[in-house]
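I have placed the structure first, in the form of structure tokens, so that the comments after it can refer back to it.
Residue numbers (the numbering used here): 175 to 294.
See the structure below:
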């Protein structure tokens, strides 16, 4: 599906830019623990960006796989997004948002498995 390919491509570019930003701009400006948090956000965003590419490929055969892609996108925004903001602001309450993104990721992958079992 074209839309998920576009979303995934933009997300992948953002991963590279945000990873570089964390390594070159934030290094030494925020505590090391938040650099690690930033990198974790980049890592999970990239993993699920690859998932979005998978959904885009599968959507050409299985249109009912698209909810998994939307859940991955929601997970990226909630999980990685909250960790990016947490790293920059160091407002710890923002960490309470992160698990909702994690749950979105889990549901997305389980939904992908369900669709595969149904169609294969």
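Yeah, the Cβ is synthetic: ideal placement off N, Cα and C, and Gly gets one too.
**OP:** Return the residue from the list 226, 180, 217 and 204 that minimises the CA-CA distance to residue 189.
**Re:** What you label residue 189 is simply residue 15 of the chain shown in a count that begins at 1. Comparing Cα-Cα distances from residue 189 to each of 226, 180, 217 and 204, the minimum goes to 217.
**OP:** Select from 261, 231 and 196 the residue whose C-alpha is nearest the C-alpha of residue 179.
**Re:** For the purposes of this step, residue 179 is taken as the residue at position 5 of the chain shown. Ranking the options by Cα distance to residue 179, first place goes to 231.
Subject >> Straight-line gap, residue 276 to residue 237 (C-alpha atoms, nearest Å) >> reply: One-based indexing of the chain shown puts residue 276 at position 102. One-based indexing of the chain shown puts residue 237 at position 63. Spanning the two alpha carbons is a distance of roughly 24 angstroms.
Original post:
For residue 220, is the classification buried or exposed, using 16 other Cβ atoms within 10 angstroms of its Cβ as the cut-off for buried?
Top reply: For the purposes of this step, residue 220 is identified with residue 46 of the chain shown, where counting begins at 1. By the neighbour-count rule (16 or more Cβ atoms within 10 Å), residue 220 is buried.
**OP:** Write down the C-beta distance between residue 261 and residue 272 rounded to the nearest angstrom, noting that I regard them as a contact closer than 8 angstroms.
**Re:** Locating residue 261 in the chain shown gives position 87, counting from the first residue. Locating residue 272 in the chain shown gives position 98, counting from the first residue. The Cβ separation is near 11 angstroms, so there is no contact.
Original post:
What are the residues that DSSP puts in a beta bridge with residue 206?
Top reply: Sequence index remark: in the chain shown, residue 206 carries index 32 (1-based). In DSSP, residue 206 forms no bridge with anything.
Original post:
Roughly how many angstroms lie between the CA atoms of residue 248 and residue 278, to the nearest whole one?
Top reply: Residue mapping note: residue 248 aligns to position 74 of the chain shown, counting from 1. Residue mapping note: residue 278 aligns to position 104 of the chain shown, counting from 1. C-alpha separation (whole angstroms): 7 angstroms.
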